[in-house]
Amino acid sequence: MDSKHQRVKLSDGHFIPALGYGTYKPQEVPNSKTLEGTKLAIDAGFRHIDTAYAYQVEEEVGLAIKSKIAEGRVKREDIFLTSKLWCTCHRPEMVKPSLESSLRKLGLDYVDLYLIHYPVAMKPGEDLFPADEKGKTLLDTGDICATWEAMEKCKDAGLAKSIGVSNFNRRQLEMILNKPGLKYKPVCNQVECHLYLNQRKLLDFCKAKDIVLVAYCALGSQREKRWVDPSAPVLLEDPVLCAVAKKHQRSPAQVALRYQLQRGVVVLAQSFKEKEIKENVQVFEFQLTSEDMKNLDGQDRNFRYASADFLADDPKYPFSDEY
Ligand SMILES: NC(=O)c1ccc[n+]([C@@H]2O[C@H](COP(=O)([O-])OP(=O)(O)OC[C@H]3O[C@@H](n4cnc5c(N)ncnc54)[C@H](OP(=O)(O)O)[C@@H]3O)[C@@H](O)[C@H]2O)c1
Numbered sequence: 001m002d003s004k005h006q007r008v009k010l011s012d013g014h015f016i017p018a019l020g021y022g023t024y025k026p027q028e029v030p031n032s033k034t035l036e037g038t039k040l041a042i043d044a045g046f047r048h049i050d051t052a053y054a055y056q057v058e059e060e061v062g063l064a065i066k067s068k069i070a071e072g073r074v075k076r077e078d079i080f081l082t083s084k085l086w087c088t089c090h091r092p093e094m095v096k097p098s099l100e101s102s103l104r105k106l107g108l109d110y111v112d113l114y115l116i117h118y119p120v121a122m123k124p125g126e127d128l129f130p131a132d133e134k135g136k137t138l139l140d141t142g143d144i145c146a147t148w149e150a151m152e153k154c155k156d157a158g159l160a161k162s163i164g165v166s167n168f169n170r171r172q173l174e175m176i177l178n179k180p181g182l183k184y185k186p187v188c189n190q191v192e193c194h195l196y197l198n199q200r201k202l203l204d205f206c207k208a209k210d211i212v213l214v215a216y217c218a219l220g221s222q223r224e225k226r227w228v229d230p231s232a233p234v235l236l237e238d239p240v241l242c243a244v245a246k247k248h249q250r251s252p253a254q255v256a257l258r259y260q261l262q263r264g265v266v267v268l269a270q271s272f273k274e275k276e277i278k279e280n281v282q283v284f285e286f287q288l289t290s291e292d293m294k295n296l297d298g299q300d301r302n303f304r305y306a307s308a309d310f311l312a313d314d315p316k317y318p319f320s321d322e323y
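Heads up, the sequence shown is in UniProt numbering, so the first residue is 1 and it goes up one at a time.
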């Protein structure tokens with residue numbers, strides 16, 4: 001098997017490629033960049049693509065995948081595609097129509113993985129970030145377990161091969177795992193995870209429950225001003241990371257990704273640049289030593305780039321708990 005396609009088994013029997021291409025983009029970046037970037041990623045060897053309704057690029061992601069299928073470079077079944085249920089669509093009756101709307105945009109008849117994007121519900125409607133005149137987020141009372149039951153129906157309908165969650169803390173994962181009548185458990189929890197927030201405790205919990213941890217912002221995020229404090233440390237300039245990279249004659253980005261793979265974490269990487277995209281798939285060709293891993297572990301400082309402050313007023317805001 002091509003090493004680029006190293007995969008991890010999910011609890012429902014499906015396999016997820018250990019490395020994925022991220023398709024989030026800041027609003028000011030044109031959608032054409034996503035179309036181009038996703039095509040470059042498939043050409044470079046990425047077989048796992050991560051998107052979401054809220055990214056508003058599903059159309060371009062679908063076009064990129066279909067163009068590579070039409071070229072004969074890949075078949076649909078070679079691609080592992082993730083999308084996510086947005087916070088304004090948590091009401092159980094909205095879940096399947098929401099996935100169907102994503103699939104229409106993608107121009108595909110199933111996703112490989114569908115995730116609840118956040119455990120917090122916002123007011124239903126067209127607005128992705130509903131807020132009052134003072135800018136305060138309009139939240140919705142939501143029941144994570146009821147939303148999960150609607151997710152299970154999406155899997156039963158064949159619209160999503162696997163279902164999982166994102167940005168859930170341990171308590172919220174346990175709520176689902178302990179739900180009476182649980183039909184399918186979440187196959188993964190996609191969370192922020194990198195050198196400065198290595199999620200050791202959440203990772204150990206997930207491993208014990210056979211839930212795959214998928215890492216986002218693994219390269220230190222896109223540092224979009226809307227969400228990330230400009231004074232936040234630049235992850236790829238971390239001296240320890242750079243020293244390990246130098247030792248292996250690899251880039252800091254490659255080491256940041258490799259670090260996650262060696263911890264049993266599935267990792268996402270975003271870039272629009274061909275050189276970086278090609279570099280990011282070359283992470284199966286070298287190994288970090290246990291000493292490297294220990295040094296990298298030592299950089300953890302509980303620092304979060306994407307704290308989703310717009311949800312912070314909700315009791316279900318996930319990042320107040322220790323993990
Ligand atoms: N579930 C969630 O709530 C959630 C939240 C955030 C993200 N995500 C997912 O995770 C994906 C990845 O996270 P992210 O978008 O925050 O960004 P990321 O992958 O942490 O970092 C992206 C930035 O790193 C730089 N980079 C990439 N490869 C590089 C290389 N080889 N050398 C040097 N720099 C490199 C790029 O910046 P330059 O282009 O400036 O070089 C890029 O913008 C997202 O796209 C999305 O799919 C999910």
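The C-beta atom is built at its ideal place from N, Cα and C for all residues, glycine as well.
- For glutamine 27, the shortest C-beta to heavy atom distance toward ligand 1 is 8 Å or greater.
- When rounded, the separation of the alpha-carbon atoms in alanine 208 and aspartate 12 is 15 Å.
- Of the residues Arg301, Gln6 and Phe15, the one whose Cα lies closest to the Cα of isoleucine 211 is Phe15.
- Not one heavy atom of ligand 1 falls within 8 Å of the beta-carbon of phenylalanine 205.
- Within its own chain, the residues whose Cβ lies closer than 8 Å to the Cβ of valine 29, once the five positions on either side in sequence are excluded, are Phe272, listed in chain order.
- When only Cα atoms are considered, glutamate 77 and leucine 10 end up about 16 Å apart.
- The Cβ-Cβ distance between valine 120 and proline 252 does not fall below 9 Å.
- Residue range 200-208 is occupied by the alpha helix (DSSP H) that includes cysteine 206, with no beta strand (DSSP E) assigned at that position.
- Between leucine 99 and tyrosine 114, the gap from beta carbon to beta carbon is short of 9 Å.
- For a cut-off of 8 Å, the C-beta gap from leucine 213 to arginine 170 is around 12 Å, too long to register as a contact.
- Counting along the chain, alanine 160 sits inside the beta strand (DSSP E) bounded by residues 160-166.
- C-alpha of lysine 68 to C-alpha of serine 320: approximately 42 Å in a straight line.
- Lysine 25 counts as buried, since no fewer than 16 other beta carbons sit within 10 angstroms of its beta carbon.
- Comparing alpha carbon positions, the residue from Trp86, Glu93, Leu106 and Asp309 closest to alanine 64 is Leu106.
- When the Cα atoms are used, serine 166 and asparagine 295 turn out to be separated by approximately 28 Å.
- When only Cα atoms are considered, methionine 151 and glycine 181 end up about 14 Å apart.
- A contact is defined here as three or more CB-CB pairs under 8 Å, and the stretch 280-288 fails this definition with respect to the stretch 182-197.
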